[in-house]
């Protein structure tokens, strides 16, 4: 997997995380949630890049909304992401637990039982990954998260990204060949690799239709799965009440090339299938997709060959 350098702005600081941790301990979940509203209003008014990238999604998801309703949609996205971060700390710190409904657990078990190899979990910036990883522990497999080294020390410390608890480990994208060698080893040993599939961020991507327009999605997970001869399980989560999450692993894609001459076409088909799954998710939980990127804006989108849904 190749990548161009990204200069995405990191948000969050030690004081901010300390403030919300203290509020969580003092006032509980609902009290900490209440403090989000003025903070998110600040970001709505002054963080223009975040608003612009969020608006790119909101105006496509809610085509009939007027300007004010779209702005409110962006604001709600910010608030929901804030609740997501608070929930992560709530789960990591041991202050409490969430009720988790696991849809598709039997499907994963069947896949793992049918082969000595592991599989790829294709995830997105939805719901709460910490709660999702907790739900996966009953599979009794180590889950490896493919990610860049966290540059924001406050985020890294608050979310315990380097912790080996709950059999969660990290494969760095800065490793040789973007960590592909480690990924292949992990899969061959029967464990799981989690890869984000909704932000290209400079990585090789394919352009397919999403919300009726051409958008770029990274395809590295599919090319690796095709090489490793393992399935891809789309893993999504959603907050469905104050103390309950739904983890959905019911969508399975089996990347196998139809012929040597059709590899590109096959990859585009798999990416389009993932985009359709994401469309269904955003239709059901429209304000829980925290991609915060304009994935419809790319250097080659105007000249792209795309697959019609």
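Numbering (the numbering used here), first residue to last: 8 to 316. Ideal Cβ placement from N, Cα and C applies to all residues, glycine included.
Item, Value
"Would you check if the distance between the CB atom of residue 91 and the CB atom of residue 252 is smaller than 8 Å?", "no"
"In terms of residue numbering, what span does the alpha helix (DSSP H) encompassing residue 92 cover?", "74-99"
"Kindly list the residues whose CB is nearer than 7 Å to the CB of residue 295, restricted to its own chain and excluding five residues on each side of it in sequence; keep chain order.", "87, 133, 134, 245 and 246"
"How is residue 208 classed by DSSP in three states: helix, strand or coil?", "coil"
"For residue 310, count neighbouring Cβ atoms within 10 angstroms of its own Cβ and tell me buried if that reaches 16, exposed if not.", "Reliability fails at residue 310, whose pLDDT of 38 lies under 50, so the model's placement of it is uncertain and no value is given."
"State yes or no: is the C-beta of residue 197 within less than 8 Å of the C-beta of residue 124?", "yes"
"Let me check understanding here. Comparing Cα to Cα, which of 261, 255 and 267 lies closest to residue 287?", "255"
"Going by DSSP in three states, residue 261 sits in which element: helix, strand or coil?", "coil"
"Given residue 297, which residues of its chain have a CB within under 6 Å of its CB, disregarding the five upstream and five downstream residues?", "88 and 132"
"Please report how far the alpha carbon of residue 27 lies from the alpha carbon of residue 236, in whole angstroms.", "44 Å"
"Can you tell me the Cβ-Cβ gap for residue 229 and residue 274, rounded? I've got them flagged as a contact below 8 Å.", "6 Å"
"Taking the beta carbon of residue 315 as the centre, do at least 16 other beta carbons fall within 10 Å, making it buried, or is it exposed?", "Interpretation of residue 315 is limited by its pLDDT of 39, a score under 50 that renders its predicted location unreliable; no figure is taken from the coordinates."
"Within the same chain, show all residues whose beta-carbon is closer than 8 Å to that of residue 76, passing over the 5 residues directly before and after it, in chain order.", "69"
"According to DSSP, simplified to helix, strand and coil, what is residue 216?", "strand"
"Should residue 127 and residue 202 be called a contact, given that it needs their Cβ atoms to be closer than 8 Å?", "yes"
"Do you know offhand how far residue 103's Cα is from residue 195's?", "36 Å"
"Just to confirm, is the Cβ distance from residue 238 to residue 118 under 8 Å?", "yes"
"Let me know if residue 40 comes out buried or exposed under the rule of 16 or more other beta-carbons within 10 Å of its beta-carbon.", "buried"
"Taking 8 Å as the threshold (C-beta atoms), are residue 142 and residue 4 in contact?", "Residue 4 lies beyond the residue range present for the chain, which begins at 8 and ends at 316; the question has no answer from this structure."
"What would DSSP say about residue 108, mapped onto helix, strand or coil?", "strand"
"Looking at the structure shown, is residue 142 part of a helix, part of a strand, or coil, going by DSSP?", "helix"
"DSSP on residue 298, reduced to helix/strand/coil?", "coil"
"For residue 289, I'd like the list of residues in its chain whose CB is within less than 7 Å of its CB, leaving aside the five on either flank, ordered along the chain.", "68 and 296"
"My guess is that residue 232 and residue 262 are in contact by the Cβ rule of under 8 Å, so how many angstroms apart are they, rounded?", "4 Å"
"Measuring CB to CB, does residue 175 end up less than 8 Å from residue 152?", "yes"
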